[in-house]
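Everything on this sheet refers to the single structure shown next.
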Amino acid sequence: MAEIIMTHRIDELPLESGETLRDVEIRYRTYGRLNAERSNAVLYPTWFLGRDSDNTWAIGPGKALDPNRYFVVVPNLIGNGISTSPSRAATEHSGANFPVVTYRDQVQAQYDLVRTLGIERLHAAVGWSMGAAQALHWGVEYPESVGRVMASCGTARTTEHNRVFLDGVAAAITADSDFADGHYREQPVRGLRAAGRVYAGWAFSQAFYREQAYHTLGFRSCEEFVVGFWEEIFVRDRDANDVLSMIETWKRGDVASGPRFDGDLAAALGTITAPTLILAAERDLYFCAEDLEYEASCIPGARFEVLPGVWGHAAGAGVNPVDSAVVDRLTRELLEQ
Numbered sequence: 001m002a003e004i005i006m007t008h009r010i011d012e013l014p015l016e017s018g019e020t021l022r023d024v025e026i027r028y029r030t031y032g033r034l035n036a037e038r039s040n041a042v043l044y045p046t047w048f049l050g051r052d053s054d055n056t057w058a059i060g061p062g063k064a065l066d067p068n069r070y071f072v073v074v075p076n077l078i079g080n081g082i083s084t085s086p087s088r089a090a091t092e093h094s095g096a097n098f099p100v101v102t103y104r105d106q107v108q109a110q111y112d113l114v115r116t117l118g119i120e121r122l123h124a125a126v127g128w129s130m131g132a133a134q135a136l137h138w139g140v141e142y143p144e145s146v147g148r149v150m151a152s153c154g155t156a157r158t159t160e161h162n163r164v165f166l167d168g169v170a171a172a173i174t175a176d177s178d179f180a181d182g183h184y185r186e187q188p189v190r191g192l193r194a195a196g197r198v199y200a201g202w203a204f205s206q207a208f209y210r211e212q213a214y215h216t217l218g219f220r221s222c223e224e225f226v227v228g229f230w231e232e233i234f235v236r237d238r239d240a241n242d243v244l245s246m247i248e249t250w251k252r253g254d255v256a257s258g259p260r261f262d263g264d265l266a267a268a269l270g271t272i273t274a275p276t277l278i279l280a281a282e283r284d285l286y287f288c289a290e291d292l293e294y295e296a297s298c299i300p301g302a303r304f305e306v307l308p309g310v311w312g313h314a315a316g317a318g319v320n321p322v323d324s325a326v327v328d329r330l331t332r333e334l335l336e337q
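Residue numbers for the sequence shown, in my numbering: 1 to 337.
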């Protein structure tokens with residue numbers, strides 16, 4: 001497994017908003033070796049609050065993303081605190097001054113990284129949650145440069161219901177008086193912890209809590225789980241403006257935005273030529289199976305599958321061995337197609 005995080009630099013990244021993000025750093029890790037034909041690269045981007053190390057559960061000998069077969073590239077999301085983010089941006093973009101970065105902007109930066117690595121065509125783009133949205137954007141924005149698309153528990157367009165939820169998470173952070181409109185001296189910890197509590201009720205399903213499945217993660221009670229798992233995720237080495245930046249990326253997700261498709265989602269998804277797997281979770285409260293099934297129906301020849309069980313959105317995150325085995329099998333089938 002890769003031990004060294006590498007940095008790809010972009011002097012100027014023109015954004016969908018019309019602004020320009022300068023001195024961009026895309027920090028990434030790679031696993032395996034690029035073959036002589038440069039045909040075995042798999043892009044596996046990160047997700048909301050995720051970092052490159054959080055993707056390693058799916059990578060390893062004998063797994064679908066086997067580094068003995070594939071060259072796996074894991075770029076950190078702009079805004080996640082590892083790549084260029086409000087907390088580590090050039091002065092003009094730092095903190096509350098950080099511009100909105102859309103999925104299209106993220107994928108544009110990843111495309112620049114991939115080409116710099118000497119890769120003209122990815123074997124596949126795969127991802128979970130926000131990573132799924134990035135994979136789908138790859139299929140639309142660079143159809144000649146991606147051979148397969150695997151999108152797990154994520155959509156090409158963020159739904160209105162999802163945006164309402166995200167506004168609630170953001171409001172929990174900004175309501176903390178220490179937030180100071182993003183110009184804080186110390187992290188607004190109360191707001192971040194509150195955001196974690198909001199998130200806790202959505203990432204796992206009602207059945208997960210009813211069956212007290214948090215016991216399988218080592219927590220003795222629901223309160224211990226909410227504090228030790230969710231609050232901790234939101235405060236551990238976390239910057240509030242970084243979290244809000246990722247929320248903005250997620251909220252504005254729409255592969256059909258802009259003049260090319262003029263908001264026509266079916267038309268945008270219909271341009272994907274790569275074999276595509278859309279994987280939903282039965283009880284996902286963010287990206288419900290009906291929304292994913294509709295998007296799959298718009299993609300020529302796409303395969304649609306559903307993960308059953310109580311884990312909700314987290315079914316695709318590598319926390320439950322049963323679901324993880326299904327994700328691995330379906331991913332393997334796509335990669336070998």
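Each residue gets a CB set at the ideal place from its N, CA and C atoms; glycine is no exception.
Spatial distance of residue i from residue j (CA atoms)
i      : j      : result
Trp230 : Leu192 : 10 Å
Gln187 : Ala175 : 13 Å
Asp264 : Cys222 : 42 Å
Ala207 : Trp311 : 8 Å
Pro61  : Asn68  : 7 Å
Thr331 : Glu211 : 29 Å
Ala125 : Tyr103 : 14 Å
Gly253 : Asn162 : 10 Å
Ile59  : Gly318 : 11 Å
Val24  : Asn97  : 15 Å
Gly196 : Asp242 : 15 Å
Leu34  : Ala90  : 32 Å
Ala41  : Trp57  : 18 Å
Glu248 : Val101 : 7 Å
Glu144 : Val189 : 45 Å
Val255 : Val146 : 16 Å
Thr30  : Val114 : 11 Å
Val198 : Tyr286 : 13 Å
Asn80  : Thr273 : 30 Å
Lys63  : Ser94  : 39 Å
Phe261 : Cys298 : 14 Å
Reduced DSSP category for residue i - H, G, I as helix; E, B as strand; rest coil
i      : result
Ser87  : helix
Ser152 : strand
Trp57  : helix
Asp167 : helix
Pro321 : helix
Trp128 : strand
Arg345 : For residue 345 there is no data in the structure shown, the boundaries of the chain being 1 and 337.
Thr7   : strand
Glu333 : helix
Arg197 : helix
Tyr184 : coil
Phe208 : helix
Phe71  : strand
Ala280 : strand
Leu15  : coil
Thr20  : strand
Thr30  : strand
Ala175 : coil
Buried/exposed call for residue i, threshold 16 Cβ in 10 Å
i      : result
Thr84  : buried
Leu13  : buried
Ala151 : buried
Pro259 : exposed
Thr158 : buried
His137 : buried
His183 : exposed
Thr155 : buried
Leu217 : exposed
Asp239 : buried
Asp167 : exposed
Ile4   : exposed
Ser17  : exposed
Thr46  : buried
Glu295 : buried
Ser177 : exposed
Top-ranked residue by Cα proximity to residue i, from the options
i      : options                           : result
Thr322 : Arg332, Gly309 and Leu334         : The amino acid occupying residue 322 in the given sequence is Val; Thr does not appear at that position. Residue Gly309 is the option with its Cα nearest to Val322.
Leu43  : Gly201, Tyr111 and Asp254         : Tyr111
Asp105 : Ala135, Leu277 and Ile119         : Ala135
Phe225 : Tyr214, Thr276, Val235 and His93  : Tyr214
Phe304 : Ala325, Val164, Trp202 and Pro275 : Pro275
Asp54  : Leu335, Gly118 and Ser129         : Ser129
Glu336 : Gly118, Leu277 and Met6           : Leu277
Ile233 : Tyr31, Ala200 and Ala281          : Ala200
Ser39  : Phe71, Val164 and Phe48           : Phe71
Arg51  : Phe204, Ile26, Ala36 and Leu334   : Ile26
Residues bridged to residue i (per DSSP)
i      : result
Asp254 : Arg157
Glu25  : Arg9
Val100 : BP columns for Val100 are empty, so no partner.
Val146 : Leu122
Residue i CB to nearest heavy atom of the ligand GDP below 6 Å
i      : result
Gly131 : With respect to the ligand GDP, the structure offers nothing, as it holds no ligand at all.
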